[in-house]
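Encoded as structure tokens, the structure appears first; notes follow it.
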Amino acid sequence: MAVGGCLFSRTPMALVRELLRQRRRGLTLARNLTCTEGEFLMVAGAVERIVTAWMSIGLPWGVSKILRHFVESGRVALEEWSHLALGLRFRAAAMGVPFLPTLTMLGSDLIAVGGTKTLQDPYTGATLAAVPALFPDVALLHVHRADRFGNCQIDGYPHMDADIAQAATTVLVTTEEIVSEEETRRHPERTVLPGFAVDALVLAPFGAFPHECYGLYEADFDHFAEYTRAIDARGPTAVADYLERYVYAPPTWGDYLDLFGGERLALQQRRARELVGA
Amino acid sequence: MAVGGCLFSRTPMALVRELLRQRRRGLTLARNLTCTEGEFLMVAGAVERIVTAWMSIGLPWGVSKILRHFVESGRVALEEWSHLALGLRFRAAAMGVPFLPTLTMLGSDLIAVGGTKTLQDPYTGATLAAVPALFPDVALLHVHRADRFGNCQIDGYPHMDADIAQAATTVLVTTEEIVSEEETRRHPERTVLPGFAVDALVLAPFGAFPHECYGLYEADFDHFAEYTRAIDARGPTAVADYLERYVYAPPTWGDYLDLFGGERLALQQRRARELVGA
Amino acid sequence: MTAAELLAVVAARELRDDTTVFAGVGVPLLAAALARARHAPRLTLVIEGGIIGPEIAPGRLPISTNEMRAGRRATMLPGITDAFLFAQRGFVDVGFMGGAQIDRYGNINTSVLGTDYWNPKVRLPGTGGANDIASLCREVIIVTPHERRRFVERVDFVTSPAWLRGDGSRRAAGLLFGGVSRVVTTLGILGFDPDSRRMRIEAVHPGVSVATVRAHTGFELVEAAHVAVTAPPSEEELEALRALDPERRFLG
Amino acid sequence: MTAAELLAVVAARELRDDTTVFAGVGVPLLAAALARARHAPRLTLVIEGGIIGPEIAPGRLPISTNEMRAGRRATMLPGITDAFLFAQRGFVDVGFMGGAQIDRYGNINTSVLGTDYWNPKVRLPGTGGANDIASLCREVIIVTPHERRRFVERVDFVTSPAWLRGDGSRRAAGLLFGGVSRVVTTLGILGFDPDSRRMRIEAVHPGVSVATVRAHTGFELVEAAHVAVTAPPSEEELEALRALDPERRFLG
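Encoded structure:
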């Protein structure tokens, strides 16, 4: 399972929440920079393996205690790739080829972690890393707008979502807004996922919250601070309590958002507008 | 030398004109779909080799008589690659790798024309074509707008210009408009060439004419018809006369545009606006 | 009714709704636009100029795959290389294209006539995206006038591979899927024998005999157990088609 | 003046105008923003979130490479993979980053403490883009607090390769260019002996002795023929720096 966005940006939180509510087990999570959603999946017992380049909420909160707890005890395997290498694994799959050549990871110990093979350029003989294509069974993505045919548009930085969508077998998308096909055709240059690559689409305003969505709402850093303070005090139990409160208890996404409250959401919207100068 | 745009779309005509005026010789032209500019370069004696997927002005005008004349007589070598393969050659170079794997061209006679090697996927053993990176010495490109740092924006279909710019050693760009850095920062998602990939920038309104520039002016099909009628009547001499009239005689780009006249330019602008619904 | 009209109408019927078609300009694109206008409104066009989902305007048929007419009202503009990579990834159901020379295994030549590539008797325009469409789409349908000089025993040069030598050589060359399934011509519809991959007469247009098809083909055709007769273009089909090309740029 | 302030000011001076720098968040990004505000106004920042040319707003320092604060007023947003590919193509002059553990050849570990990757004593956050920056930029400058536990004889795990074993092994591994040129620390500036590629003391900050640097380093340092003393941060430098981080999120 691949999760779109990156770290606390455009994380498909509504989809991750639903996945947790369905009490899935035995999953492998592939995400380049893994944030709170990775901790949720670990504590809920949903993931056995995380394929990533980095995992933490962000520098100010230091090394993830949840990561340390689960990986150092051997309960979750952390398969580490460089950021680019993992990006190229999605891109190889998106392009429909079994590998892509790259210079990155050469000479480092990372190359052995995922079993990356090297090869010789058939023209010059130069050594290259051949990163293997990663075809996720399912991709979870969150976008700014989409039409009823599944054509999706993203504002701001695109992260790797287009590659992930093309790479995955089944693609589930939540969107901040559903627009008419006319609107898609008015700005075709903004479309990053074509409808034929999308399997299911759900309207989910604030669908990444408390993570950010470019131009729409900033990540709720205060919420992260509160969350990490609880972990500092009580360890994984704090995350289990958090899941009870935010994931299992509220029956709908609307009920979930109510836990944050309209004022908080409006504040994060205002901050986002300020930052993008809109 | 790689020429951006594709066929009669966003061809850097002002730059091609200047190249012809400088009476360059012995060039290799790399362009995916080659149009009138390829005929100009052949008749002027500027190119020895054309690396392309297709050459003609367009279906209604049939096979290029100029192409046939120069290639069948052995005066110009036409190295043919599939459209995607040539695109991947630019992309490989843009990515900084010596080749990219692909399925395209496998099994066809095209694979031998350019000496493409095959290789085995190191994971599955599957056979792939390894298309070699193409690093042009010079790229000529035409864009919609750019700022003084060389950040370039293109509207509509991007063709392969971004890959070509990243692939080439020296990048020369003409632009319809020079905008402020503020304007670039207002729509960073439209930037396709970063300033650090661009070596020189020149303002050239209608810089692709009589070829098209998306949203700004449509290609002048009547002009093409007149041009091909002359070739039908007089062969390569007609192109030589054309070059005299449109390339060597008018000293400036403005003088060149005057040969078409403001009314014609305005008409093509109107047609473009109609087509993109602006 | 011109030959091109017949060809476009019959070819359009081959396309199914809710699929994706990589269409070349000319009659293939015209036929795809007709299918969209009639029975396949959710057919997604992919055009090699890096254009996805355009709506071709009546009277504004593109003459190239890289122009505003081809990009009109597109839903996405990913660029040329990425448009082809969608096909390589398996997202494109049908490749829909013409061809200068075609052989009994469906291989197409649009590069050179004559046996020496570097000293050709006739230099043709080249593959463009034809090789890629033929290599990468899940299925390929060729749309072409039926002329003896086009249907040759062996093409001078394999620009676009279909079944190669018919002996599993397509798969052996590394092409994982695809291949030409149909050849829609001005005389009928041809398929390929599933074992030998040799071209097979499957249907003839009204008033055309199997013998006529054979007479216009430069190699021996297999014949299906039952050769169907295509339904003639209806008034509605022709009307919709003519509305797309009122200047008769491609309809002759 | 805090240690982080000293580090940021000295690091900022290493950046030249009209160049491109791939900066990690924290002190490296702060130092790059300072350089831009002072002597290098045309310095182009590249941030691994797929962000090119942003202007970091005072008081709005990003804490991640993938957020609006990092993308503010960018000139281009090519996506993560493509941002790194600019480096692989050779467009990025300087990689500017921190590191948990560093060895005498400049190799960095941000993955695991302990000798068994799959059973680590301490699991660190991981490479993020550090390996890519170290592998692909034309030059790499490390910015780090100078602590004995960080400067180790041999890193437990080479997350980000510098000179590997100092014997040409970087080039032999296939890395065509780059390597760590400087390590800017809270005590001084270290380079690498051009032959042995061993870390070398090149400058100390005012009031710091070579002996102190050695005492805070877990391996033997080479010493440059002439060890310079860095100029102390000026009032102007500190003022500009403090204006960037008024909440002292990274300045301590």
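Residue numbers (our numbering), protein chains in the order written: chain A, 60 to 337; chain B, 60 to 337; chain C, 28 to 279; chain D, 28 to 279.
Glycine is no exception: its CB is placed at the ideal position from the N, C-alpha and C atoms.
Predicted model only: the values in this text are computed from it and were never measured.
Which of helix, strand or coil DSSP assigns to residue i
i: HIS201 (chain B); result: strand
i: ALA299 (chain A); result: helix
i: ILE83 (chain C); result: coil
i: VAL158 (chain B); result: Note that residue 158 (chain B) is Phe in the sequence shown here, rather than Val. PHE158 (chain B): strand per DSSP, three-state reduction.
i: PRO247 (chain B); result: helix
i: ARG261 (chain A); result: The sequence shown places Val at residue 261 (chain A), rather than the Arg named in the question. Note: VAL261 (chain A) maps to strand in three-state DSSP.
i: ILE169 (chain D); result: strand
i: GLY218 (chain C); result: strand
i: GLN128 (chain C); result: strand
i: PRO119 (chain A); result: helix
i: GLN212 (chain A); result: strand
i: HIS128 (chain A); result: helix
i: ASN158 (chain D); result: helix
Buried versus exposed call for residue i [16 or more other C-beta atoms within 10 Å across all chains shown]
i: THR175 (chain A); result: buried
i: SER115 (chain A); result: buried
i: PRO247 (chain B); result: buried
i: ARG207 (chain B); result: exposed
i: HIS253 (chain C); result: exposed
i: THR142 (chain C); result: exposed
i: THR92 (chain C); result: buried
i: GLY321 (chain A); result: exposed
i: GLY201 (chain C); result: buried
i: THR161 (chain B); result: buried
i: GLY98 (chain C); result: buried
Same chain only: Cβ atoms within 6 Å of residue i, ignoring 5 sequence neighbours per side
i: PRO317 (chain D); result: For residue 317 (chain D) there is no data in the structure shown, the boundaries of chain D being 28 and 279.
i: TRP113 (chain A); result: LEU92
i: VAL149 (chain C); result: LEU140
i: GLN225 (chain B); result: ALA153, ALA256
i: GLU250 (chain D); result: ILE228
i: GLN328 (chain A); result: TYR276
i: CYS94 (chain A); result: LEU66, PHE67, ILE116
Contact check, residue i vs residue j, beta carbons under 8 Å
i: HIS232 (chain D); j: LEU33 (chain D); result: yes
i: PHE268 (chain B); j: MET72 (chain B); result: yes
i: VAL170 (chain D); j: PHE113 (chain D); result: no
i: GLY274 (chain B); j: ASP220 (chain B); result: no
i: VAL110 (chain B); j: TRP140 (chain B); result: yes
i: CYS211 (chain B); j: GLY76 (chain C); result: no
i: LEU163 (chain C); j: GLY125 (chain C); result: no
i: SER167 (chain B); j: ASN158 (chain C); result: yes
i: GLY266 (chain A); j: GLU235 (chain A); result: yes
i: GLU98 (chain A); j: SER123 (chain A); result: yes
i: HIS172 (chain D); j: ALA30 (chain D); result: One detail in the question is off: residue 172 (chain D) reads as Pro in this sequence, not His. For PRO172 (chain D) and ALA30 (chain D), yes; Cβs fall inside 8 Å.
i: ILE129 (chain C); j: ARG175 (chain C); result: no
i: THR108 (chain D); j: GLY146 (chain A); result: yes
Proximal residues to residue i (C-beta, below 7 Å), its chain only, five neighbours per side dropped
i: PHE184 (chain D); result: ASN136, SER138, VAL139, TYR144
i: THR102 (chain D); result: ILE79, GLY80
i: ASP258 (chain B); result: THR229, VAL230, LEU231
i: THR46 (chain D); result: LEU70, ASP120, VAL121
i: ALA192 (chain A); result: ARG148, ALA151, ALA152, VAL156, PRO157, PHE158
Of the listed residues the options, nearest to residue i (C-alpha basis)
i: VAL48 (chain C); options: C:LEU88, C:PRO89, C:ALA84, C:ALA110; result: C:ALA110
i: GLY218 (chain C); options: C:TRP190, C:ALA101, C:PRO273, C:GLY201; result: C:TRP190
i: ARG245 (chain B); options: D:LEU104, D:GLU94, D:PRO85; result: D:LEU104
i: HIS201 (chain B); options: B:LEU187, B:PRO181, B:VAL230, B:GLU333; result: B:VAL230
i: ARG204 (chain B); options: B:LEU326, B:THR95, B:CYS272; result: B:CYS272
i: ARG80 (chain A); options: A:VAL335, A:GLU303, A:ALA325, A:GLU333; result: A:GLU303
i: LEU334 (chain B); options: C:GLY53, C:ALA39, C:ARG43, C:ARG87; result: C:ARG87
i: ARG249 (chain B); options: D:SER261, D:PRO89, D:GLY106; result: D:GLY106
i: ARG134 (chain B); options: B:GLN179, B:ARG90, B:LEU86; result: B:LEU86
i: ARG127 (chain A); options: A:PRO295, A:ASP317, A:ILE170, A:LEU316; result: A:PRO295
Minimum Cβ-Cβ distance from residue i to chain G less than 8 Å
i: SER208 (chain C); result: Among the protein chains in the structure shown, which are A, B, C and D, there is no chain G.
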